[in-house]
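What follows is one structure encoded as structure tokens, with my remarks underneath.
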Amino acid sequence: MLLLDKYRPKNSGEIFGQSYALNELRKCVNSRTPAILVGKTGVGKTSSVYALANEMNYEVVESNSSDVRNKEEIQRFLGNASSQMSLFQKGKIVLIEEIDGLTGRYDRGGVNAIIDVIKKSGFPIILTANDAWNKNFSAVKKLCKVINFETLGYTTIFSILKDISEKEGLGIQDSLLKSLAIRSNGDARAALIDLELFRYGNFNNIDFVSRDITNEISNVLRVLFKSKNPNDLFSVFDSLHEDMDEIGLWLEENTPKEYSGRDLSNCFDYLSKSDVYRGRITKRQYYRFLVYRRVFMSAGVGLSKEEKKNGHINYSRNSRILKMWIWNNKNSKKKSISNKIAKYAHLSTRRIMKDFYFYGSFLKNEDFVKTIGLNEDEMEWVRNH
Numbered sequence: 027m028l029l030l031d032k033y034r035p036k037n038s039g040e041i042f043g044q045s046y047a048l049n050e051l052r053k054c055v056n057s058r059t060p061a062i063l064v065g066k067t068g069v070g071k072t073s074s075v076y077a078l079a080n081e082m083n084y085e086v087v088e089s090n091s092s093d094v095r096n097k098e099e100i101q102r103f104l105g106n107a108s109s110q111m112s113l114f115q116k117g118k119i120v121l122i123e124e125i126d127g128l129t130g131r132y133d134r135g136g137v138n139a140i141i142d143v144i145k146k147s148g149f150p151i152i153l154t155a156n157d158a159w160n161k162n163f164s165a166v167k168k169l170c171k172v173i174n175f176e177t178l179g180y181t182t183i184f185s186i187l188k189d190i191s192e193k194e195g196l197g198i199q200d201s202l203l204k205s206l207a208i209r210s211n212g213d214a215r216a217a218l219i220d221l222e223l224f225r226y227g228n229f230n231n232i233d234f235v236s237r238d239i240t241n242e243i244s245n246v247l248r249v250l251f252k253s254k255n256p257n258d259l260f261s262v263f264d265s266l267h268e269d270m271d272e273i274g275l276w277l278e279e280n281t282p283k284e285y286s287g288r289d290l291s292n293c294f295d296y297l298s299k300s301d302v303y304r305g306r307i308t309k310r311q312y313y314r315f316l317v318y319r320r321v322f323m324s325a326g327v328g329l330s331k332e333e334k335k336n337g338h339i340n341y342s343r344n345s346r347i348l349k350m351w352i353w354n355n356k357n358s359k360k361k362s363i364s365n366k367i368a369k370y371a372h373l374s375t376r377r378i379m380k381d382f383y384f385y386g387s388f389l390k391n392e393d394f395v396k397t398i399g400l401n402e403d404e405m406e407w408v409r410n411h
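What the sequence shown shows, in the working numbering, is residues 27 to 411, in sequence order.
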């Protein structure tokens, strides 16, 4: 079991550094006042809801931007959750995670649907967000009490790490734990991910630890490639806020550094299956398939290996997309000009692109340039090429 799951707070007394926010949250739950919990990743927003619910014997019905995105899905899932009584517990809290993530083109009507749920719900509605000033959900904010979760100080995170390190018998020096706490930038979740690496890698320094996106993903990949525990692998991406497409690029680039032979073949078989479900999600707009995609990319990849490769490996992001973007950017003017020539040559743009230097010779003729209607930028490009 990952340390994140094993030491998840079970009551409000185990939440560090958020006493004021917890008291405000408790008032909102008791009075059924909708609330938005705002704060950086890893400060305890979600953990506080679950800890409080556990104390009050409340059920938590949770959704996030991966589960329900558009109006229909929100009405179907949250509409039922906000109106039906809990079968076995005293009450219910409806938790809507990452509301500032409902901004994509597939999320049409999502915010309005959430407003409707808030107005009609018979249970307390709690939302979380990283950015309080996101204009996309300003209408939701007007209906809710905004509760700010403070960024955790490094001394608070050090106390958490030291307590867990001692319970796990990791034997890590205080100086290293303090460095981990400082580098976490107030993100307790990230600090626990770093601590997790010491369990698998036996590192004696923290030179590899940095709280930017590249190293966050690298640290998670290190757990994925080194662990063979199914429970750890199923939840290995929980601490990341990158989308699955981004994670897929990292896996595509770095798997050959860790796997070879049959292990590599098995791994790419799972990545291929994940890509099949990506296509189905895009085609059908059925985001429940994200569950299957996530399993193939986590447990599928992690359990593909017979033995883990020893030693430290530097992971890097796949540069294929960047190269494609650079290529397309360099050729955008050429493509635009080819499209204009194609209309008069009665040929496809692709054919003009292929034989551009033949057809491009006509661009020396000013009358031809005026006829096809090149703009100043395109004419400048012609002069330079």
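Backbone N, C-alpha and C fix where the C-beta goes; we use that ideal spot for every residue, glycine too. The structure displayed is predicted, hence computed values, not measured ones.
Subject >> Rounded separation between residue 184 and residue 195 - CA only >> reply: 16 Å
Original post:
Out of curiosity, what's the CA-to-CA distance linking residue 289 and residue 332?
Top reply: 7 Å
**OP:** Using beta-carbon positions only, say whether residue 147 and residue 250 come within less than 8 Å of one another.
**Re:** no
Subject >> Cross-strand partners of residue 183 (DSSP beta bridge) >> reply: BP columns for residue 183 are empty, so no partner.
Original post:
If we count the other Cβ atoms within 10 Å of its Cβ and call it buried at 16 or more, is residue 285 buried or exposed?
Top reply: buried
**OP:** Can you give me the Cβ contacts of residue 218 inside the same chain, cut-off strictly under 6 Å, excluding the 5 residues immediately before and after it?
**Re:** 29 and 30
**OP:** Rounded to whole angstroms, what's the CA-CA distance from residue 373 to residue 360? Just pull it up for me.
**Re:** 15 Å
Subject >> Cβ-heavy atom distance, residue 41 to the ligand NAP, below 7 Å >> reply: The ligand NAP is not part of the structure shown, which contains no ligands of any sort.
Subject >> Other residues of its chain near residue 145: CB distance less than 8 Å, five sequence neighbours each side excluded >> reply: 169
**OP:** Give the DSSP bridge partners of residue 296, in chain order.
**Re:** For residue 296, which the question treats as bridged, DSSP gives no partner whatsoever.
Subject >> Per-residue DSSP class, three states only, for residue 266 >> reply: coil
Subject >> Limits of the unbroken alpha helix (DSSP H) element including residue 36 >> reply: Note, residue 36: premise wrong, no alpha helix (DSSP H); not H, not E.
Original post:
Which residues bound the alpha helix (DSSP H) around residue 77?
Top reply: 71-82
Original post:
Under a three-way DSSP split, which group does residue 393 fall into?
Top reply: helix
Subject >> Nearest-angstrom Cα separation, counted from residue 186 out to residue 40 >> reply: 10 Å
**OP:** Measure the alpha-carbon distance for residue 279 versus residue 247 and round it to whole angstroms.
**Re:** 11 Å
Original post:
In angstroms, rounded to a whole number, what distance separates the CA positions of residue 390 and residue 396?
Top reply: 11 Å
Original post:
From 161, 55 and 33, pick the residue whose C-alpha is nearest to that of residue 79; which is it?
Top reply: 55
Original post:
In chain order, what residues of the same chain lie with their CB nearer than 7 Å to the CB of residue 207, ignoring the 5 residues before and after it?
Top reply: 180, 183, 184, 187 and 217
Subject >> Pair within 8 Å by beta-carbon distance, residue 125 and residue 155 >> reply: yes
Original post:
Thinking just about the alpha-carbon of each residue, which of 53, 45, 141 and 76 is nearest to the one in residue 447?
Top reply: In this structure the chain extends from 27 to 411, so residue 447 is not present and cannot be described.
**OP:** Would you mind sorting residue 302 into buried or exposed? The rule is 16 or more other CB atoms within 10 Å of its CB.
**Re:** exposed
**OP:** Would you identify the three-state DSSP class for residue 174, choosing helix, strand or coil?
**Re:** strand
**OP:** Could you tell me the boundaries of the alpha helix (DSSP H) in which residue 30 lies?
**Re:** 29-32
Original post:
For residue 400, does the count of other Cβ atoms within 10 angstroms reach 16, so buried, or fall short, so exposed?
Top reply: buried
Original post:
Excluding five sequence neighbours on each side, which residues of the same chain lie with their C-beta closer than 8 Å to the C-beta of residue 24?
Top reply: As shown, the chain starts at 27 and ends at 411. That puts residue 24 outside it, with no answer to give.
Original post:
Between which two residues does the alpha helix (DSSP H) carrying residue 378 extend?
Top reply: 375-380
**OP:** Would you decide whether residue 310 is buried or exposed? Buried here means 16 or more other CB atoms lie within 10 Å of its CB.
**Re:** exposed
Subject >> Where residue 47 falls, given that 16 or more other Cβ within 10 Å makes a residue buried >> reply: buried
Original post:
Can you list, in chain order, the residues of its chain whose CB lies under 8 Å from that of residue 403, leaving out five sequence neighbours each side?
Top reply: 359
Original post:
When the distance is taken between beta carbons, is residue 166 closer than 8 Å to residue 137?
Top reply: yes
Subject >> From 263, 341, 293 and 254, residue whose alpha carbon lies closest to that of residue 276 >> reply: 341
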